[in-house]
């Protein structure tokens with residue numbers, strides 16, 4: 001049922017004719033033959049016709065931010081009809097629940113495989129080894145990051161060791177002022193990581209910055225990582241420039257440190273830009289044209305200038321799902337994109353203090 005030779009079948013990172021690509025996305029998701037039940041019904045309440053009026057990335061701003069509806073929508077209604085009666089669903093993944101009840105997205109096989117291949121190619125370009133085991137210090141259960149890293153390990157020829165992490169529980173403890181309990185749970189996570197580092201051959205450590213910071217307090221674990229681990233992948237929470245520089249130059253000087261930035265609500269993300277020095281900001285180029293970033297002034301909705309800070313808006317435009325105009329809970333510096341990329345690149349990502357009238361608590365993720 002999936003149409004071949006469409007702009008939507010190009011690899012992630014491909015250069016496209018913007019209008020042709022955006023029109024193909026709108027045609028797929030709003031055609032009665034291929035669109036999902038969710039979007040076909042939701043289109044009735046839009047004040048425009050997506051198939052006629054959405055022609056560019058800038059036009060995506062016409063869409064309201066609908067991600068909060070993903071807290072309650074029936075997930076079967078998110079699957080485009082163009083995939084046929086029995087699409088291969090790889091997983092149903094949920095947001096971290098930072099600002100309320102979790103939101104859900106559907107990963108279909110074609111998007112999952114293409115996204116994994118794109119990330120793996122980026123890891124190769126960064127010089128991260130294949131055929132080594134991974135220790136995945138990311139959330140388990142319904143979270144995309146843990147599942148993605150586990151799959152990357154096996155696809156790249158290694159074994160995946162995982163820990164049992166529930167980031168929502170830590171956030172609840174912190175929000176309730178139960179700091180000692182949150183600390184105890186976090187140390188429970190460190191204990192799991194410690195046992196694996198001591199007993200298994202680990203070549204890649206994928207981990208959130210708050211957990212890496214806790215590990216760095218333990219001299220014995222730092223020594224183990226420097227002896228055993230060849231690469232550290234970090235993501236899922238922010239890391240400031242000074243901390244990143246300290247890890248690269250002093251704490252883990254012989255280990256390749258690579259940042260990852262993305263969101264469950266865009267069904268993926270990107271590895272940091274190649275060729276950055278220890279003194280450069282950590283820049284992320286999204287896998288355009290399927291994932292697009294914009295950096296805006298939240299008060300006006302207009303793009304900020306290059307080098308200026310604003311709030312990140314993300315768009316996901318693939319056959320799997322359409323999630324346009326999602327205002328994320330992140331602030332970033334707008335960076336000029338590489339040639340051929342749609343939208344912006346971002347650097348120095350940090351969380352906003354409040355989002356949807358809720359305090360933003362990162363916890364361990």
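Residue numbers (the UniProt record's numbering): 1 to 365. Using N, Cα and C, we set each Cβ at its ideal position, and we do this for glycine too.
Checklist entry - If you draw a straight line from the alpha carbon of residue 65 to that of residue 192, how long is it in whole angstroms? => result Taking the first residue of the chain shown as 1, we reach residue 65 at position 65. Taking the first residue of the chain shown as 1, we reach residue 192 at position 192. Rounded to whole angstroms, residue 65 to residue 192 spans 39 Å at the Cα level.
Checklist entry - Can you list, in chain order, the residues of its chain whose CB lies under 7 Å from that of residue 342, leaving out five sequence neighbours each side? => result Along the chain shown, one-based indexing puts residue 342 at 342. Hits under 7 Å: 18, 57, 288, 289, 292.
Checklist entry - Which whole-angstrom value is the C-beta distance of residue 270 and residue 284, which I expect to be below 8 Å? => result Along the chain shown, read from residue 1 onward, the residue named residue 270 stands at position 270. Along the chain shown, read from residue 1 onward, the residue named residue 284 stands at position 284. Contact flag correct, Cβ pair sits at about 5 Å.
Checklist entry - What does a CB cutoff of less than 7 Å around residue 327 pick up in its chain, not counting 5 residues either side in sequence? => result Residue numbering aside, residue 327 sits at position 327 when the chain shown is read from its first letter. A distance below 7 Å between beta-carbons, with the five flanking residues on each side excluded, links residue 327 to the following residues of its chain, in chain order: 65, 311, 313.
Checklist entry - Can you tell me whether residue 22 is buried or exposed, with buried defined as 16 or more other CB within 10 angstroms of its CB? => result To locate residue 22, count along the chain shown from 1; it is residue 22. The residue is buried, with at least 16 neighbouring Cβ atoms inside 10 Å.
Item to check | Simplified DSSP assignment, three categories, for residue 131 | outcome: Numbered from 1 along the chain shown, position 131 holds the residue referred to as residue 131. Residue 131 carries a coil assignment under DSSP once its states are collapsed to helix, strand and coil.
Item to check | Straight-line gap, residue 232 to residue 13 (C-alpha atoms, nearest Å) | outcome: Indexing the chain shown from 1 puts residue 232 at position 232. Indexing the chain shown from 1 puts residue 13 at position 13. So the two alpha carbons sit approximately 23 Å from each other.
Next on the checklist: What does the alpha-carbon distance come out to for the pair residue 337 and residue 295?
Outcome noted: The residue labelled residue 337 in the question sits at position 337 within the chain shown. The residue labelled residue 295 in the question sits at position 295 within the chain shown. When rounded, the distance between both Cα atoms is 12 Å.
Checklist entry - What's the C-alpha gap between residue 92 and residue 140? => result Taking the first residue of the chain shown as position 1, residue 92 is located at position 92. Taking the first residue of the chain shown as position 1, residue 140 is located at position 140. Distance between residue 92 and residue 140, taken at the CA atoms: about 13 Å.
Checklist entry - Contact between the region 166-179 and the region 113-130: three or more CB pairs below 8 Å? => result Remark: fewer than three beta-carbon pairs, one from each stretch, lie closer than 8 Å, so the region 166-179 and the region 113-130 are not flagged as touching.
Next on the checklist: Could you compute how far the alpha carbon of residue 116 sits from the alpha carbon of residue 152?
Outcome noted: Within the chain shown, numbered from 1, the residue matching residue 116 stands at position 116. Within the chain shown, numbered from 1, the residue matching residue 152 stands at position 152. The alpha-carbon atoms of residue 116 and residue 152 are separated by roughly 7 Å.
Item to check | Length at least 4, wholly inside the region 201-260: the alpha helix (DSSP H) runs in chain order | outcome: Listed in chain order, they are 209-215, 219-228, 241-246.
Item to check | Inter-stretch contact (C-beta, 8 Å, three-pair minimum) for the region 128-138 and the region 197-209 | outcome: In short, these stretches touch, since the Cβ pair count reaches three.
Next on the checklist: Quick check: what's the CA-CA separation for residue 41 versus residue 31?
Outcome noted: On the chain shown, position 41 is the one that residue 41 refers to. On the chain shown, position 31 is the one that residue 31 refers to. For residue 41 and residue 31, the distance between alpha carbons rounds to 11 Å.
Item to check | For residue 330 and residue 281, believed in contact at Cβ under 8 Å, the rounded distance | outcome: Counting from one through the chain shown, the residue named residue 281 turns up at place 281. Counting from one through the chain shown, the residue named residue 330 turns up at place 330. So it is not a contact: roughly 14 Å between Cβ atoms.
Checklist entry - Is it buried or exposed for residue 70, if we count other Cβ within 10 angstroms and need 16 for buried? => result Counting from one through the chain shown, the residue named residue 70 turns up at place 70. Per the 10 Å Cβ criterion, buried.
Next on the checklist: Does residue 45 pass the burial test, meaning 16 or more other C-beta atoms within 10 Å, or should it be called exposed?
Outcome noted: On the chain shown, position 45 is the one that residue 45 refers to. Taking a 10 Å sphere around the C-beta of residue 45, we find fewer than 16 other C-beta atoms and assign the residue as exposed.
Item to check | Delimiting residues of the alpha helix (DSSP H) encompassing residue 277 | outcome: Numbered from its first residue, the chain shown carries residue 277 at position 277. According to the DSSP assignment, residue 277 belongs to no alpha helix (DSSP H), since it is labelled neither H nor E.
Item to check | Buried or exposed (CB count within 10 angstroms, at least 16 for buried), residue 48 | outcome: Working through the chain shown from its first residue, we reach residue 48 at position 48. Residue burial is scored here from C-beta neighbours: residue 48 has fewer than 16 other C-beta atoms within 10 angstroms and is therefore classed as exposed.
Checklist entry - Whole-angstrom Cβ separation of residue 106 and residue 323, contact assumed at under 8 Å? => result As a position in the chain shown, residue 106 is number 106, starting the count at 1. As a position in the chain shown, residue 323 is number 323, starting the count at 1. About 11 Å; that fails the 8 Å criterion.
Item to check | Proximal residues to residue 166 (C-beta, below 6 Å), its chain only, five neighbours per side dropped | outcome: Start at 1 with the first residue of the chain shown, and residue 166 comes out as number 166. Same-chain partners within the cutoff: there are none.
Item to check | Close beta carbons around residue 15, own chain, < 6 Å, minus the five adjacent residues each side | outcome: On the chain shown, residue 15 is found 15 positions in, with the first residue counted as 1. Residues of the same chain with a CB within less than 6 Å of the CB of residue 15, apart from the 5 flanking positions on each side, are 340 in chain order.
Item to check | beta strand (DSSP E) runs wholly inside the region 52-124, at least 3 long, in chain order | outcome: Taking 3 residues as the shortest admissible run, the region 52-124 contains the following complete beta strand (DSSP E) segments, listed from N- to C-terminal end: 89-94, 104-108.
Checklist entry - First and last residue of the alpha helix (DSSP H) that includes residue 170? => result Taking the chain shown and counting its residues from 1, the one referred to as residue 170 is at position 170. Going by DSSP, residue 170 is part of the alpha helix (DSSP H) stretching over 167-175.
Next on the checklist: Nearest by alpha-carbon distance to residue 279: which of 241, 257, 197, 188 is it?
Outcome noted: For the purposes of this step, residue 279 is taken as the residue at position 279 of the chain shown. The candidate whose alpha carbon is nearest that of residue 279 is 241.
Item to check | Distance between residue 234 and residue 274 (C-alpha atoms, nearest Å) | outcome: As a first step, residue 274 must be located in the chain shown, where it is residue number 274. As a first step, residue 234 must be located in the chain shown, where it is residue number 234. Each residue's alpha carbon lies about 15 Å from the other.
Checklist entry - In three-state DSSP terms, what is residue 27? => result Counting from one through the chain shown, the residue named residue 27 turns up at place 27. In the structure shown, residue 27 falls within a helical segment according to DSSP collapsed to helix, strand and coil.
Checklist entry - Is residue 46 helix, strand or coil when you go by DSSP? => result Walking along the chain shown from the start, residue 46 turns up at place 46. Of the three classes helix, strand and coil, the one that applies to residue 46 here is coil, per DSSP.
Item to check | Where residue 223 falls, given that 16 or more other Cβ within 10 Å makes a residue buried | outcome: Within the chain shown, numbered from 1, the residue matching residue 223 stands at position 223. By the Cβ neighbour-count rule, residue 223 is exposed, with fewer than 16 other Cβ atoms within 10 Å of its own.
Checklist entry - Around the Cβ of residue 332, are there at least 16 other Cβ atoms within 10 angstroms (buried) or fewer (exposed)? => result On the chain shown, position 332 is the one that residue 332 refers to. Label assigned to residue 332: buried.
Checklist entry - Quick one, are the C-beta atoms of residue 73 and residue 38 less than 8 Å apart? => result As a working mapping, residue 73 is identified with position 73 in the chain shown. As a working mapping, residue 38 is identified with position 38 in the chain shown. Taking C-beta atoms as the reference points, residue 73 and residue 38 count as a pair closer than 8 Å.
Checklist entry - Buried or exposed: where does residue 304 fall if 16 or more other Cβ atoms within 10 Å of its Cβ makes it buried? => result Residue mapping note: residue 304 aligns to position 304 of the chain shown, counting from 1. Residue 304 comes out buried.
Item to check | Sub-8 Å separation of residue 114 and residue 11 beta-carbons | outcome: As a working note, residue 114 is residue 114 in the chain shown. As a working note, residue 11 is residue 11 in the chain shown. Contact flag set, yes.
Next on the checklist: On a Cα-Cα basis, can you pick out the residue from 156, 158, 217 that is closest to residue 186?
Outcome noted: If you number the chain shown from 1, residue 186 lands on position 186. Between residue 186 and the set 156, 158, 217, the nearest pair of CA atoms involves 217.
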